[in-house]
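Engineer:
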Amino acid sequence: MLDLSRYTEYYKKNKLLPDHIENLRNNIKCVYQYPSPKICSWEEEYYSKSIKYEEFLEKSCVGLLATIEFGHRNNFMLMNKVTPHAVLDTMIIDGSKTEHLFTNKYSTNKKAFLIRLFEGFLKMAKFNRLYPYIAFNFEPYTKDRDSGQSVNRFHVHFIARKYSELNNVVKKSKKITDFDEIAKRRLTDESTFLFTTLAYEIAKRSKKFNILKLVKPFTKHSPIPGQIFEVRDRNLLTIKFLDEIESINEIYIEIFEKIHKTFFYGKTGFWKRPVKISKGKLNMMLNGIVAKYQFTPKTGSFLRQFYNLIYKLSQKDINLLKSNRRMSTFMIPMSGPCVNYAIFTKANKICLYVRSQLFSDLGGAGLQIYKNTLFKIKRNYYTISQKELKERQIFQQDMSRTFLSLKDSL
Numbered sequence: 025m026l027d028l029s030r031y032t033e034y035y036k037k038n039k040l041l042p043d044h045i046e047n048l049r050n051n052i053k054c055v056y057q058y059p060s061p062k063i064c065s066w067e068e069e070y071y072s073k074s075i076k077y078e079e080f081l082e083k084s085c086v087g088l089l090a091t092i093e094f095g096h097r098n099n100f101m102l103m104n105k106v107t108p109h110a111v112l113d114t115m116i117i118d119g120s121k122t123e124h125l126f127t128n129k130y131s132t133n134k135k136a137f138l139i140r141l142f143e144g145f146l147k148m149a150k151f152n153r154l155y156p157y158i159a160f161n162f163e164p165y166t167k168d169r170d171s172g173q174s175v176n177r178f179h180v181h182f183i184a185r186k187y188s189e190l191n192n193v194v195k196k197s198k199k200i201t202d203f204d205e206i207a208k209r210r211l212t213d214e215s216t217f218l219f220t221t222l223a224y225e226i227a228k229r230s231k232k233f234n235i236l237k238l239v240k241p242f243t244k245h246s247p248i249p250g251q252i253f254e255v256r257d258r259n260l261l262t263i264k265f266l267d268e269i270e271s272i273n274e275i276y277i278e279i280f281e282k283i284h285k286t287f288f289y290g291k292t293g294f295w296k297r298p299v300k301i302s303k304g305k306l307n308m309m310l311n312g313i314v315a316k317y318q319f320t321p322k323t324g325s326f327l328r329q330f331y332n333l334i335y336k337l338s339q340k341d342i343n344l345l346k347s348n349r350r351m352s353t354f355m356i357p358m359s360g361p362c363v364n365y366a367i368f369t370k371a372n373k374i375c376l377y378v379r380s381q382l383f384s385d386l387g388g389a390g391l392q393i394y395k396n397t398l399f400k401i402k403r404n405y406y407t408i409s410q411k412e413l414k415e416r417q418i419f420q421q422d423m424s425r426t427f428l429s430l431k432d433s434l
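With the working numbering applied, the sequence shown covers 25 to 434.
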């Protein structure tokens with residue numbers, strides 16, 4: 025059997041994070057296998073990489089619950105999934121002829137519908153005393169390894185849970201140090217801490233954020249990997265809210281394209297990745313990036329540590345790693361920017377959670393947060409009971425009514 029332990033040993037000795045962030049990371053509470061049911065039979069292997077939209081509908085959809093048209097072959101479809109992220113969940117997917125990866129090319133009508141659906145779901149969850157979780161992703165390029173979403177086309181997960189259930193889960197959480205190196209990276213990818221730090225400094229200087237209030241990351245108020253934003257006022261949940269999310273997405277795309285890619289050369293694509301540049305050139309480029317973006321000395325130091333110590337992956341390494349699903353996820357980075365989003369409520373405030381990553385394969389719905397605890401969803405874990413199925417049906421009927429009620433307002 026091929027021994028790939030040298031890769032995990034490398035990262036045990038060469039920490040990508042500064043000590044103060046590594047210490048914070050080590051105290052993060054996690055639940056690694058939060059069980060979620062299956063609705064009917066399902067093959068896990070098909071879900072391991074990004075697949076075509078038609079295949080996704082065939083294998084992942086139990087049935088369409090409702091459709092809203094915005095013009096010829098331009099729609100949102102509400103669907104029931106084979107492998108949900110919770111007993112109470114559903115999903116909308118853009119079923120348009122043109123594949124949209126994010127909301128930035130949507131018409132005003134389509135954006136307004138999406139915002140009203142978010143608002144309707146949050147109100148529905150509040151009325152039923154449920155914890156709401158709305159999750160979506162942007163990851164358009166990675167096709168050869170797990171990337172956090174099975175289909176690149178824009179889709180949104182609507183997930184609800186009972187607070188009593190979540191409070192019990194928090195009690196069972198463990199520190200991240202209780203997990204092996206691969207699980208640690210899946211749950212708390214080091215690149216997320218770096219990208220969040222860079223994005224926070226860029227966003228802090230931006231004048232585009234009026235609805236969203238930045239919360240300083242990696243403090244006792246926000247100790248988790250990623251960036252939390254608070255909506256300043258519930259009445260501000262408008263199209264401009266989506267516009268500001270798009271501005272956040274642009275920042276993370278810029279970080280990947282204009283910063284991360286600067287330190288590598290060569291092609292990316294199917295089981296190919298660029299190679300890290302020589303150390304002398306790397307440090308020269310790092311100095312240039314820090315000066316260009318006017319990063320603080322602390323952030324500049326973090327940037328230098330991360331890229332000096334990140335493993336110099338060769339094509340030989342990739343050929344060895346690609347046969348092992350866990351190790352390929354641990355070592356082989358994404359082909360492009362990967363950004364996960366979640367909307368939830370906390371103390372009567374609407375919050376937006378943003379997490380960008382190079383390695384972790386857990387998307388916005390696959391890795392969720394509650395009370396600063398991370399929990400990874402284990403789908404297809406057990407067959408749904410009749411009681412749960414009934415609760416799910418009632419939930420989806422309520423979602424369908426909310427979805428269809430917005431048709432008249434278009």
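All C-beta atoms, glycine included, are put in the ideal place defined by N, C-alpha and C.
At the level of alpha carbons, what is the spacing between Glu225 and His245?
Structural biologist: Computed Cα separation, rounded: 18 Å.
Engineer: How big is the Cα-Cα spacing for Asp43 and Lys147?
Structural biologist: Each residue's alpha carbon lies about 42 Å from the other.
Engineer: With a Cβ-Cβ cutoff of 8 Å, do Asp213 and Phe383 count as a contact?
Structural biologist: Result yes, Cβ atoms of Asp213 and Phe383 sit closer than 8 Å.
Engineer: Arg185 and Leu112 look like a contact to me (Cβ under 8 Å); what is the Cβ gap, rounded to whole Å?
Structural biologist: About 7 Å; that satisfies the 8 Å criterion.
Engineer: Going by other Cβ atoms of all chains shown within 10 Å of its Cβ, with 16 needed for buried, is Lys134 buried or exposed?
Structural biologist: So Lys134 ends up on the buried side.
Engineer: Do we get a CB-CB distance below 8 Å when we pair Lys300 with the residues of chain D?
Structural biologist: Although the question refers to chain D, the structure presented lacks it and comprises just one protein chain.
Engineer: Using the Cα positions of Glu163 and Arg209, report the straight-line distance between them to the nearest angstrom.
Structural biologist: Cα to Cα, Glu163 sits roughly 18 Å from Arg209.
Engineer: Let's see if you can read the secondary structure: which residues bound the beta strand (DSSP E) around Ser60?
Structural biologist: Note, Ser60: beta strand (DSSP E), 53-62.
Engineer: Please look up how many angstroms separate the CB atoms of Phe368 and Pro156, rounded, as I've assumed it's under 8 Å.
Structural biologist: About 6 Å; that satisfies the 8 Å criterion.
Engineer: Thr323 bridges to which residues according to DSSP?
Structural biologist: None, per the DSSP bridge assignment.
Engineer: What distance in whole Å lies between the Cβ atoms of Pro59 and Tyr406, which are believed to be in contact at a cut-off of 8 Å?
Structural biologist: Contact holds; Cβ gap of about 6 Å.
Engineer: Which residues in the same chain as Thr262 place their Cβ atom closer than 7 Å to its Cβ, once the five residues preceding and following it in sequence are excluded?
Structural biologist: If we look at Thr262 and ignore the five residues flanking it on each side, its Cβ neighbours are Ile139.
Engineer: Where does the unbroken beta strand (DSSP E) through Val378 begin, and where does it stop?
Structural biologist: Per DSSP, Val378 belongs to the beta strand (DSSP E) from 373-380.
Engineer: State the Cα-Cα distance for the pair Phe94 and Phe233, rounded to the nearest angstrom.
Structural biologist: If I take the Cα positions, the gap works out to 29 Å.
Engineer: Is it true that the CB of Thr216 sits closer than 8 Å to the CB of Pro249?
Structural biologist: Cβ distance < 8 Å, so Pro249 and Thr216 count as in contact.
Engineer: Using 8 Å for Cβ pairs, my map puts Ser197 next to Lys53. What's the rounded Cβ distance?
Structural biologist: Confirmed, Cβ separation roughly 4 Å.
Engineer: Among Ser424, Phe280, Gln421, Ser409, whose alpha-carbon lies nearest the alpha-carbon of Pro61?
Structural biologist: Measuring from the Cα of Pro61, the nearest candidate turns out to be Ser409.
Engineer: Whose C-alpha, out of Cys362, Thr127, Asp432, is nearest the C-alpha of Ile277?
Structural biologist: Of Cys362, Thr127, Asp432, the residue nearest in Cα terms is Cys362.
Engineer: Among the candidates Met309, Ile116, Arg258, Phe253, whose CA atom is the shortest distance from the CA of Lys282?
Structural biologist: Answer by Cα proximity: Met309.
Engineer: Spell out a yes or no on whether the region 324-340 and the region 111-129 are touching, meaning 3 or more CB-CB pairs, one atom from each, closer than 8 Å.
Structural biologist: Because the criterion of three Cβ pairs below 8 Å is not met, the region 324-340 and the region 111-129 do not touch.
Engineer: Which of the three DSSP states, helix, strand or coil, is assigned to Arg177?
Structural biologist: Reduced to three states, the DSSP call for Arg177 is coil.
Engineer: Excluding five sequence neighbours on each side, which residues of the same chain lie with their C-beta closer than 6 Å to the C-beta of Gly387?
Structural biologist: Only Asn161, Gly172, Gln173, Asn364 meet the Cβ criterion.
Engineer: Ordered along the chain, which non-local residues of its own chain (more than five positions away) have a Cβ less than 7 Å from that of Phe419?
Structural biologist: Contacts found: Leu112, Ala184.
Engineer: Looking only at C-alpha atoms, which of Leu211, Glu268, Arg258, Lys296 sits nearest to Leu238?
Structural biologist: Taking only the C-alpha atoms, the option nearest Leu238 is Glu268.
Engineer: Counting only the same chain and skipping the five closest in sequence on each side, list residues whose C-beta sits under 8 Å from that of Ser338.
Structural biologist: For Ser338, where only same-chain residues beyond five positions count, the Cβ hits under 8 Å are Val299.
Engineer: What's the call for Phe265, buried or exposed, on a 16-neighbour Cβ count within 10 Å?
Structural biologist: Buried.
Engineer: If you drop the 5 nearest sequence neighbours on each side, which residues of the same chain put their C-beta closer than 6 Å to that of Glu412?
Structural biologist: Closer than 6 Å at Cβ, skipping near neighbours: Val111.
Engineer: How would you write the range of the beta strand (DSSP E) that Ile158 sits in, first residue to last?
Structural biologist: First-last of the beta strand (DSSP E) with Ile158: 154-162.
Engineer: Any idea what DSSP makes of Tyr130, helix, strand or coil?
Structural biologist: Of the three classes helix, strand and coil, the one that applies to Tyr130 here is coil, per DSSP.
Engineer: Please list, in chain order, all residues of the same chain as Thr166 whose beta carbon is under 8 Å from its beta carbon, the five residues on each side excluded.
Structural biologist: Result list for Thr166: Ser74, Met358, Ser359, Gly360, Cys362, in chain order.
Engineer: Does the separation of the CB atoms of Leu190 and Tyr394 fall below 8 Å?
Structural biologist: A contact, by the Cβ cut-off of 8 Å.
Engineer: What did DSSP end up calling Val239 once you bin it into helix, strand or coil?
Structural biologist: Here Val239 sits in coil by DSSP.
Engineer: Let me check understanding here. Comparing Cα to Cα, which of Tyr56, Ala227, Ile342 lies closest to Ile275?
Structural biologist: Residue Ala227 is the option with its Cα nearest to Ile275.
Engineer: Quick one, which of Leu236, Leu376, Ala223 has its alpha-carbon nearest Thr320's?
Structural biologist: When only C-alpha atoms are compared, the closest one is Ala223.
Engineer: Cα separation between Phe354 and Ile206?
Structural biologist: Approximately 6 Å between the Cα atoms of the pair.
Engineer: Please report the residue range of the alpha helix (DSSP H) in which Gln251 lies.
Structural biologist: Premise fails: Gln251 lies in the beta strand (DSSP E), 251-255, not in any alpha helix (DSSP H).
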